[in-house]
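Input: a single structure, listed below in structure tokens.
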Amino acid sequence: MFPAAAKPNGVLPGFRLGLGYTLTYLTLLVLIPLAGLILMSGQLSWADFWATATGDRALASYRVTFGASFAAAAVNALFGLIVAWVLVRYPFPGKRFVDALVDLPFALPTAVAGITLATLYAENGWIGEQLATLGIRIAFKPAGIVVALIFVTLPFVVRTLQPVIEDIEAEVEEAAASLGASRWQTFSRVLLPGIFPAWLTGFTLAFSRAIGEFGSVIFIAGNMPLISEITPLLIISKLEQYDVLGATALAVVMLVISFVMLLVINLLQWWAANRHSKSRDGDGAAGAVALAGARP
Amino acid sequence: MTARRATAEPRWVRLLLTGIALGFLFLFLVLPLISVFWEAFAQGAQAYWDALKDSEAKSAMLLTLTIAALVLPFNIAFGVAAAWAIAKFEFRGKSLLTTLIDLPFAVSPVVAGLIFIILFGAQGFFGDWLAANDIKIIFALPGMILATLFVTFPFVARELIPLMQAQGRDEEEAAVSLGASGWQMFWRVTLPNIKWGLMYGVILANARAMGEFGAVSVVSGHIRGETNTLPLHVEILYNEYNQIGAFAAATVLALLGLVTLVAKTIVEWRMRKETEMLTAELPPEKTELPPSVVTERP
Chain A
1 MFPAAAKPNG VLPGFRLGLG YTLTYLTLLV LIPLAGLILM SGQLSWADFW ATATGDRALA
61 SYRVTFGASF AAAAVNALFG LIVAWVLVRY PFPGKRFVDA LVDLPFALPT AVAGITLATL
121 YAENGWIGEQ LATLGIRIAF KPAGIVVALI FVTLPFVVRT LQPVIEDIEA EVEEAAASLG
181 ASRWQTFSRV LLPGIFPAWL TGFTLAFSRA IGEFGSVIFI AGNMPLISEI TPLLIISKLE
241 QYDVLGATAL AVVMLVISFV MLLVINLLQW WAANRHSKSR DGDGAAGAVA LAGARP
Chain B
1 MTARRATAEP RWVRLLLTGI ALGFLFLFLV LPLISVFWEA FAQGAQAYWD ALKDSEAKSA
61 MLLTLTIAAL VLPFNIAFGV AAAWAIAKFE FRGKSLLTTL IDLPFAVSPV VAGLIFIILF
121 GAQGFFGDWL AANDIKIIFA LPGMILATLF VTFPFVAREL IPLMQAQGRD EEEAAVSLGA
181 SGWQMFWRVT LPNIKWGLMY GVILANARAM GEFGAVSVVS GHIRGETNTL PLHVEILYNE
241 YNQIGAFAAA TVLALLGLVT LVAKTIVEWR MRKETEMLTA ELPPEKTELP PSVVTERP
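Respectively, the protein sequence lines represent chains A and B.
Heads up: the first sequence runs through residues 1 to 296, numbered per the numbering used here.
Heads up: the second sequence runs through residues 1 to 298, numbered per the numbering used here.
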């Protein structure tokens with residue numbers, strides 16, 4: 001840290017104004033409303049809460065939500081690694097354009113993604129038609145949820161890996177090669193362990209975003225209770241039946257899971273930062289990850 | 001070149017990986033983007049324009065713009081205030097505060113909508129009082145503004161905090177010790193330094209504010225011509241099997257997304273250029289140092 005930090009709150013003005021405004025705004029807009037959710041769930045007895053949170057439909061919705069989120073994050077982990085590697089290492093025409101395009105899912109409203117993917121993967125859609133001849137159906141099935149979540153969480157792994165791959169020192173690879181390692185050995189034994197914490201962070205960011213996603217999923221999911229109904233949709237259907245307490249119970253479950261994910265992400269990033277103490281605070285990556293996840 | 005050979009993949013591997021990466025991105029990004037416009041123009045340009053000129057589409061666009069215009073100033077002011085306090089001063093609980101600012105990103109949009117129903121809805125904590133005083137928040141504009149404020153809350157702050165931390169406080173301290181007032185210092189020193197970072201945060205917050213679906217959907221009540229934003233309008237038309245109408249409205253949002261991408265890329269480019277100007281005086285092998293080190297030059 002710089003020496004000035006040792007002398008707390010030196011000559012600069014505006015500390016009270018800045019912090020006061022921040023705390024007031026945070027309390028009014030975020031803390032009180034979230035506390036209201038917890039308070040409302042207190043109106044349920046423990047038995048009622050438990051019955052709602054672990055009802056058949058709720059349990060099935062957790063399975064669908066977590067299963068699809070995990071599958072989507074795993075697909076993005078694999079392809080995201082390849083995309084990040086290609087974008088950093090290989091020259092090809094139009095690379096800057098492709099690089100900018102990776103952030104599209106963050107810029108495109110989720111409802112647009114939802115109706116577009118549903119149309120593409122429906123049986124008469126461009127992709128759905130091809131898959132139907134192979135006997136594969138995606139739209140209005142749980143697989144459709146995975147497709148929507150792959151789209152929505154696509155940038156996370158790419159954007160967390162890019163700065164880390166950029167920072168790999170050439171000496172490391174040269175040393176491995178000069179000691180007789182094949183290219184694949186160098187990658188799997190030397191490079192992969194180095195980028196692993198960032199890779200896992202990207203996966204977790206994608207997974208955590210996928211769990212809460214709503215807009216892109218509902219159009220393609222089919223939304224069959226017990227089969228293809230995600231937890232956020234179940235919350236809404238409880239609300240539409242004026243069952244605010246039921247919706248609250250499920251929302252508390254989701255909120256707790258969000259907190260756990262936030263904690264895991266913070267730990268992972270701390271690990272990645274320690275492992276890669278020289279990695280830059282990549283501006284573009286920070287901004288991209290900023291869009292929907294936790295701190296890079 | 002021979003030294004580089006040993007640390008590069010064979011040509012066929014490079015081609016294969018490039019092919020896989022571009023194929024994946026084409027399938028999941030480019031094809032959907034083309035499809036939006038393709039579906040919107042499926043029955044020709046006339047049908048497309050008619051769908052856009054529809055009065056409900058127009059009022060949805062107006063509402064979306066109104067919400068963004070009302071939400072952004074609050075979150076900009078908050079972002080600057082929070083970043084100022086966190087980046088330029090030391091105090092206890094700072095890392096907790098930073099984590100709390102990120103909280104809205106971790107919460108599902110549906111939960112973000114629900115918390116305002118719990119506060120202000122008919123069965124909510126203030127529901128009776130609001131009804132007695134004839135104030136409508138839920139299923140009306142105020143609720144949609146609150147939900148949008150919540151989901152776009154962290155954008156500006158989290159762009160500015162690392163940027164202002166990296167810039168340190170030397171320049172502001174110099175301005176103050178030379179007799180500048182607080183506002184002079186802010187307008188002439190701080191704001192010019194953070195303008196690109198601020199713009200970056202605003203671009204992202206704006207895209208989310210205009211495109212938000214889940215949170216706004218929960219509190220809007222879907223009253224046609226009144227509480228339908230453009231994304232909600234897209235949903236209604238799609239569910240009515242009005243494919244042209246839904247995709248015509250979707251093209252407006254897709255264009256918003258594309259403009260966001262272009263603006264974001266330009267701002268990123270400007271920020272990189274300014275960092276390069278800062279690092280130009282350092283020896284070449286040190287240009288990769290983190291910004292905090294870069295700005296610590298004597």
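Where a beta carbon is used, it is the ideal one built from N, C-alpha and C, also for glycine.
Since this is a predicted model, take the numbers as computed values, not measurements.
Query raised in the report: On the three-state DSSP scale, how would you describe B/ILE145?
Result: helix
Query raised in the report: Can you list, in chain order, the stretches of the alpha helix (DSSP H) that have 4 or more residues and sit fully within the region 163-249 of chain A?
Result: 170-178, 192-212, 218-221, 231-240
Query - Residue range of the alpha helix (DSSP H) that includes A/TYR25 - result: 15-26
**Report entry** Classification of B/GLU276 by the beta-carbon crowding that lies within 10 angstroms, buried from 16 upward
**Finding:** exposed
Query raised in the report: Do A/THR248 and A/TYR62 have their C-beta atoms closer together than 9 Å?
Result: no
**Report entry** CB contact below 9 Å: B/GLN243 versus chain D
**Finding:** The structure shown contains no chain D; the protein chains it does contain are A and B.
Requested in this report: Taking only the alpha-carbon atoms, compute the straight-line gap between B/VAL111 and A/ILE265 and give it to the nearest angstrom.
Outcome: 20 Å
**Report entry** Assumed close pair B/PHE120, B/GLY113 - CB separation to whole angstroms, cut-off 8 Å
**Finding:** Going by Cβ atoms, the distance from B/PHE120 to B/GLY113 rounds to 11 Å, so no, they are not a contact pair.
Query raised in the report: When the Cα atoms are used, what is the spatial distance from A/GLY33 to A/VAL260?
Result: Looking at the sequence itself, residue 33 of chain A is Pro, so the reference to Gly does not match. The alpha-carbon atoms of A/PRO33 and A/VAL260 are separated by roughly 19 Å.
Query raised in the report: Is B/GLY214 close to chain A, meaning its C-beta is less than 9 Å from at least one C-beta of that chain?
Result: yes
Requested in this report: Would you check if there are 3 or more beta carbon pairs closer than 8 Å linking the region 49-64 of chain B to the region 134-146 of chain A?
Outcome: no
Query raised in the report: Under a three-way DSSP split, which group does B/PHE126 fall into?
Result: coil
Requested in this report: Work out the CA separation of B/LEU27 and B/PHE186 for me, nearest whole Å.
Outcome: 47 Å
Query raised in the report: Rounded to the nearest angstrom, how far is the Cβ of A/PRO197 from that of B/VAL176, given a contact under 8 Å?
Result: Not quite, the Cβ-Cβ distance comes to about 41 Å (not below 8 Å), so this is no contact.
Query raised in the report: Using 8 Å as the threshold, is the region 35-47 of chain A in touch with the region 242-258 of chain A, meaning 3 or more CB pairs across them?
Result: yes
**Report entry** A/THR65, enclosing alpha helix (DSSP H) - first and last residue
**Finding:** 56-89
Query raised in the report: Closest to B/LEU100 by CA distance: which of A/GLY144, A/LEU117, A/LEU26, A/ILE82 is it?
Result: A/LEU26
Report task. Evaluate contact between the region 186-198 of chain B and the region 238-251 of chain B, counting only Cβ atoms and requiring at least three cross-stretch pairs below 8 Å. Result -> no
Report task. Identify, in the order they occur along the chain, each residue of the same chain with its Cβ nearer than 6 Å to the Cβ of A/LEU87, setting aside the five sequence neighbours on each side. Result -> ASP99
Requested in this report: Note down the Cα distance separating B/VAL202 from A/GLY180, rounded to an integer number of angstroms.
Outcome: 51 Å
Query raised in the report: Expressed to the nearest angstrom, what Euclidean distance is found between the alpha-carbon atoms of A/GLY67 and A/VAL152?
Result: 16 Å
Report task. Could I get the ranges of all uninterrupted alpha helix (DSSP H) runs contained in the region 188-242 of chain B, with 4 residues as the minimum, in chain order? Result -> 191-211, 214-220, 230-239
Query raised in the report: Taking the C-alpha atoms as reference points, what is the distance between A/THR204 and A/ALA72?
Result: 11 Å
Query raised in the report: Who are the neighbours of A/ASP103 on chain B, taking C-beta pairs under 9 Å?
Result: THR260, LEU261, LYS264, THR265
Report task. Over the uninterrupted alpha helix (DSSP H) stretch that includes A/ILE115, give me the two end residues. Result -> 110-121
Query raised in the report: Taking Cβ positions only, does A/PHE140 come closer than 9 Å to chain B?
Result: no
Query raised in the report: Using the rule of at least 16 other Cβ atoms within 10 Å of the residue's Cβ for burial, across every protein chain shown, is A/SER228 buried or exposed?
Result: buried
Query raised in the report: Quick one: is B/ALA207 near chain A, going by C-beta distance under 9 Å?
Result: yes
Query - Assigned secondary structure, B/ALA68 (DSSP; H/G/I helix, E/B strand, else coil) - result: helix
Query - Interfacial residues, the region 30-63 of chain B to chain A, with Cβ spacing under 8 Å - result: VAL30, LEU31, PRO32, LEU33, SER35, VAL36, GLU39
**Report entry** Residue range of the unbroken alpha helix (DSSP H) whose run includes B/GLU90
**Finding:** That residue, B/GLU90, is in no alpha helix (DSSP H); it is neither H nor E in DSSP.
**Report entry** Rounded separation between B/GLU235 and A/VAL75 - CA only
**Finding:** 28 Å
Report task. Could you say if the region 182-194 of chain A and the region 79-89 of chain B meet the contact criterion of at least three C-beta pairs nearer than 8 Å? Result -> no
Query raised in the report: Checking contacts by CB at 9 Å: is A/SER258 closer than that to chain B?
Result: yes
Query raised in the report: Can you list, in chain order, the stretches of the alpha helix (DSSP H) that have 4 or more residues and sit fully within the region 24-55 of chain B?
Result: 31-40, 44-53
Query raised in the report: With contact counted as at least three CB pairs below 8 Å, one residue from each stretch, are the region 129-141 of chain B and the region 50-59 of chain A in contact?
Result: no
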